[in-house]
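Asks:
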């Protein structure tokens with residue numbers, strides 16, 4: 001299959017810089033000998049091409065000798081005919097050899113990664129990824145649950161039925177899970193519109209020959225699903241980056257056309273063969289998911305693509321800031337870069353229930369690595385300077401929505417349900433709380449029984465009958481009355497260490513004397529003398 005590649009002129013001397021390519025391979029912890037193999041094959045190909053040009057010159061000379069005989073309609077001498085036939089045979093043989101050499105050279109060239117940018121930290125261990133910056137606090141509480149439990153408790157997904165129907169990592173989004181997923185898609189598109197992007201919904205599958213121009217060889221084995229049918233084989237896309245790349249096949253972009261900023265909208269499909277055993281439960285790592293992607297094409301001039309790279313990262317950061325998600329940005333080490341990327345940032349969000357950072361965004365500058373394979377040129381077509389330039393291409397996740405859902409439910413969990421981030425409320429029909437349909441039960445998740453930290457206000461509960469009913473049922477299971485407006489407001493202000501005991505104390509203060517004249521109730525209230533049990537606080 002055709003693959004992306006570097007400029008062959010880099011490998012030639014004088015004029016090129018093969019040592020720069022070798023150093024880049026060393027930084028990637030990749031095979032440096034490929035550079036010398038390309039140089040060797042390129043030299044053999046150029047010698048073969050020169051020899052072929054010489055044979056074609058001899059053929060033209062032989063044909064020139066024969067022209068007078070044709071013109072005078074005389075028989076061509078046998079020795080001239082033999083000379084031409086010999087040239088034809090040599091040319092045919094040499095052309096076959098030349099085609100084999102160029103194919104082998106370009107195949108080897110396609111195995112060499114893009115030139116690693118000097119700002120990339122050199123290491124082969126992702127634990128060494130330098131942290132560029134952080135946002136928010138990476139706090140957690142013992143009572144917090146992971147997304148695997150929360151999504152089930154809120155009836156947002158059914159992974160058991162999904163596995164029955166679709167196999168490993170299959171799932172159905174249900175109820176509020178569908179609404180939250182669609183809200184993220186709609187908000188993501190609107191967010192990028194406000195940043196000057198043009199939305200583009202892509203095909204979900206691509207012809208094999210075209211996919212070969214935008215996907216790495218390893219992706220065919222570990223990532224891409226093959227679709228068989230009439231005509232050419234097709235592959236399901238793993239990201240909208242792939243069809244948007246291919247959209248620029250054989251395109252010539254003038255300066256007035258760039259930067260071209262596109263917001264890719266698609267469902268994505270990945271085999272995840274290289275992730276066997278990782279994240280088997282839940283909807284964090286699945287075979288099918290929705291994604292909003294940033295894709296930008298720039299000029300190759302100066303630092304145009306590098307400033308755009310930072311801008312794209314800032315967009316993704318602003319998106320997660322608007323969702324109220326804590327995160328850190330890391331600069332991916334050289335040994336972990338994919339072949340096309342010269343530099344890559346990851347945004348890793350904080351998952352308090354899992355007590356871990358998880359990747360939500362990858363933001364890459366691929367410079368001209370992809371555009372060369374696609375022949376996506378840059379410049380003025382009528383230019384007479386003869387300079388052949390290729391556009392630069394960049395890509396960045398904005399949101400892979402199922403992963404973002406996992407992050408939201410962990411960061412916005414309460415004992416009665418999942419609060420909806422403010423920016424998503426308009427896209428959720430005004431819904432601000434997704435109530436649990438299964439009681440909040442930390443013991444089932446093998447968590448300590450310290451249950452309540454976030455306490456909704458009375459106003460919040462009044463807006464959500466289902467949330468109020470869920471809280472009433474929860475508190476009734478602890479033997480507490482359900483008319484709680486004043487008590488909840490006090491509790492929300494106090495934020496006690498042991499909310500259940502504190503709530504019981506507050507209710508004991510506010511409990512009216514029984515109509516039967518039961519003195520024990522009144523005595524208990526009097527004994528408290530308006531003070532809460534200090535142990536509860």
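In the UniProt record's numbering, the protein residues as written are 1 to 537.
Note that the Cβ used here is the ideal one computed from N, Cα and C, for glycine as well.
Since we're looking at a predicted model, the values are computed, not measured.
Is it true that the CB of residue 232 sits closer than 8 Å to the CB of residue 207?
Replies: In the chain shown, the residue the question calls residue 207 occupies position 207. In the chain shown, the residue the question calls residue 232 occupies position 232. Cβ atoms of residue 207 and residue 232: closer than 8 Å.
Asks: Of the choices 375, 237 and 45, whose alpha-carbon is the least far from that of residue 101?
Replies: Within the chain shown, the letter at position 101 stands for residue 101. It is 45.
Asks: Assuming contact is defined by CB atoms lying nearer than 8 Å, are residue 291 and residue 362 in contact in what I supplied?
Replies: As a first step, residue 291 must be located in the chain shown, where it is residue number 291. As a first step, residue 362 must be located in the chain shown, where it is residue number 362. With contacts defined as CB atoms closer than 8 Å, residue 291 and residue 362 fail to qualify as a contacting pair.
Asks: How would you label residue 326, buried or exposed, when you count the other beta carbons within 10 angstroms and need 16 or more for buried?
Replies: Reading the chain shown from its first residue, position 326 is the one you call residue 326. With 16 or more Cβ atoms within 10 Å of its Cβ, residue 326 is classed as buried.
Asks: How far does the alpha helix (DSSP H) with residue 87 in it reach, from first residue to last?
Replies: Translated into the one-based positions of the chain shown, residue 87 becomes position 87. Counting along the chain, the alpha helix (DSSP H) containing residue 87 begins and ends at 78-109.
Asks: Let me know the secondary structure DSSP gives residue 241 once reduced to three states.
Replies: If you number the chain shown from 1, residue 241 lands on position 241. Helix, per DSSP.
Asks: Along the chain, where does the alpha helix (DSSP H) that runs through residue 38 open and close?
Replies: What you label residue 38 is simply residue 38 of the chain shown in a count that begins at 1. Start and end: 33-71.
Asks: Alpha carbons only, please: which of 425, 413 and 424 is nearest the one belonging to residue 436?
Replies: As a position in the chain shown, residue 436 is number 436, starting the count at 1. The residue with the shortest Cα to Cα distance from residue 436 is 413.
Asks: Identify every residue that forms a DSSP beta bridge with residue 198.
Replies: Numbered from its first residue, the chain shown carries residue 198 at position 198. In the DSSP assignment, the residues bridged to residue 198 are 262.
Asks: Run through the DSSP bridge pairs and tell me what residue 234 is partnered with.
Replies: For the purposes of this step, residue 234 is taken as the residue at position 234 of the chain shown. Paired residues: 207 and 227.
Asks: Beta carbon of residue 394, beta carbon of residue 296: below 8 Å?
Replies: If you number the chain shown from 1, residue 394 lands on position 394. If you number the chain shown from 1, residue 296 lands on position 296. Between residue 394 and residue 296, the CB-CB gap stays under 8 Å.
Asks: Give the secondary structure of residue 329 by DSSP, where H, G and I count as helix, E and B as strand, and everything else as coil.
Replies: The count along the chain shown starts at 1 and reaches residue 329 at position 329. Strand.
Asks: Would you list the one or two residues that DSSP bridges to residue 172?
Replies: Reading the chain shown from its first residue, position 172 is the one you call residue 172. BP columns for residue 172 point to 158.
Asks: Within a Cβ cutoff of 6 Å, which residues of the same chain sit near residue 418, ignoring the five residues on either side of it in sequence?
Replies: Against the chain shown, residue 418 aligns to sequence position 418. Correct list, in chain order: 154, 409, 412 and 434.
Asks: Per DSSP, what kind of secondary structure is residue 306 in: helix, strand or coil?
Replies: On the chain shown, position 306 is the one that residue 306 refers to. Looking at residue 306 - three-state DSSP - the assignment turns out to be helix.
Asks: Count the other CB atoms within 10 Å of the CB of residue 79; is the residue buried (16 or more) or exposed (fewer)?
Replies: For the purposes of this step, residue 79 is identified with residue 79 of the chain shown, where counting begins at 1. For residue 79, the number of other beta carbons within 10 angstroms of its own is below 16, and it is reported as exposed.
Asks: Write down the C-beta distance between residue 85 and residue 334 rounded to the nearest angstrom, noting that I regard them as a contact closer than 8 Å.
Replies: Locating residue 85 in the chain shown gives position 85, where the first residue counts as 1. Locating residue 334 in the chain shown gives position 334, where the first residue counts as 1. With a beta-carbon spacing of about 56 Å, residue 85 and residue 334 fall beyond the 8 Å limit used to define contacts.
Asks: Go to residue 376, then tell me how far its alpha helix (DSSP H) extends in each direction, as first and last residue.
Replies: Along the chain shown, one-based indexing puts residue 376 at 376. Segment: none, residue 376 is in no alpha helix (DSSP H) and carries neither H nor E.
Asks: Of all the options 213, 387, 181 and 189, which has the alpha carbon lying nearest to the alpha carbon of residue 288?
Replies: For the purposes of this step, residue 288 is taken as the residue at position 288 of the chain shown. Ranking 213, 387, 181 and 189 by Cα distance to residue 288 puts 181 first.
Asks: Could you name the residues of the same chain whose beta carbon sits closer than 7 Å to that of residue 161, not counting the 5 residues immediately before and after it, in chain order?
Replies: Within the chain shown, numbered from 1, the residue matching residue 161 stands at position 161. Taken in chain order, the residues that qualify are 172.
Asks: Any chance the stretch 24-44 sits against the stretch 89-106, with 3 or more Cβ pairs inside 8 Å?
Replies: Enough Cβ pairs lie closer than 8 Å, so yes.
Asks: Give the DSSP-derived three-state secondary structure of residue 10 in the structure shown.
Replies: Numbered from its first residue, the chain shown carries residue 10 at position 10. Residue 10: helix per DSSP, three-state reduction.
Asks: Measuring CB to CB, does residue 259 end up less than 8 Å from residue 223?
Replies: For the purposes of this step, residue 259 is taken as residue 259 along the chain shown, with counting starting at 1. For the purposes of this step, residue 223 is taken as residue 223 along the chain shown, with counting starting at 1. No, they are not a contact pair.
Asks: At which residues does the beta strand (DSSP E) containing residue 415 begin and terminate?
Replies: Translated into the one-based positions of the chain shown, residue 415 becomes position 415. From DSSP, residue 415 is part of no beta strand (DSSP E); its letter is neither H nor E.
Asks: What separation, rounded to the nearest whole angstrom, lies between the Cα atoms of residue 201 and residue 264?
Replies: To locate residue 201, count along the chain shown from 1; it is residue 201. To locate residue 264, count along the chain shown from 1; it is residue 264. Rounded to the nearest whole angstrom, the C-alpha separation of residue 201 and residue 264 is 6 Å.
Asks: Do you know how far the Cα of residue 270 is from the Cα of residue 5?
Replies: The sequence position of residue 5 within the chain shown is 5, counting from 1. The sequence position of residue 270 within the chain shown is 270, counting from 1. Rounded to whole angstroms, residue 5 to residue 270 spans 24 Å at the Cα level.
Asks: Taking buried to mean at least 16 other C-beta atoms within 10 Å of its own C-beta, is residue 380 buried or exposed?
Replies: Counting from one through the chain shown, the residue named residue 380 turns up at place 380. A residue is called buried once 16 or more other Cβ atoms fall within 10 Å of its Cβ, and residue 380, having fewer, is exposed.
Asks: Work out the CA separation of residue 304 and residue 149 for me, nearest whole Å.
Replies: Mapped onto the chain shown, residue 149 falls at position 149. Mapped onto the chain shown, residue 304 falls at position 304. So the alpha carbons of these two residues sit roughly 45 Å apart.
Asks: Given this structure, state the Cα-to-Cα distance separating residue 294 from residue 252, to the nearest angstrom.
Replies: By 1-based counting over the chain shown, the position of residue 294 is 294. By 1-based counting over the chain shown, the position of residue 252 is 252. Whole-angstrom Cα-Cα distance: 21 Å.
Asks: Taking all protein chains shown into account, decide if residue 228 is buried (16 or more other Cβ within 10 angstroms of its Cβ) or exposed.
Replies: Counting from one through the chain shown, the residue named residue 228 turns up at place 228. The residue is exposed, with fewer than 16 neighbouring Cβ atoms inside 10 Å.
Asks: Are there 16 or more other CB atoms within 10 angstroms of the CB of residue 282, so buried, or fewer, so exposed?
Replies: Here residue 282 refers to the residue found at position 282 of the chain shown. Label assigned to residue 282: buried.
Asks: Out of 348, 158, 237 and 506, which one is the CA nearest neighbour of residue 126?
Replies: The residue you call residue 126 lines up with position 126 of the chain shown. Among 348, 158, 237 and 506, the Cα nearest to that of residue 126 belongs to 348.
Asks: Compute the distance between the beta-carbons of residue 33 and residue 116, then report whether it is under 8 Å.
Replies: Position 33 of the chain shown, counted from the first residue, corresponds to residue 33. Position 116 of the chain shown, counted from the first residue, corresponds to residue 116. Taking 8 Å as the Cβ cut-off, residue 33 and residue 116 do not qualify as a contacting pair.
Asks: Once the 5 residues before and after residue 479 are set aside, which same chain residues still bring their CB inside 6 Å of it?
Replies: Numbered from 1 along the chain shown, position 479 holds the residue referred to as residue 479. Because residue 479 sits at a pLDDT of 42, beneath the cut-off of 50, its placement in the model cannot be relied upon, and the point is left open.
Asks: Which residues does DSSP pair with residue 400 in a beta bridge?
Replies: Translated into positions along the chain shown, residue 400 becomes position 400. In the DSSP output, where bridge partners are listed per residue, residue 400 has 291.
Asks: Hey, out of 57, 323 and 141, whose CA is closest to residue 415's CA?
Replies: By 1-based counting over the chain shown, the position of residue 415 is 415. Cα-wise, what sits closest to residue 415 is 141.
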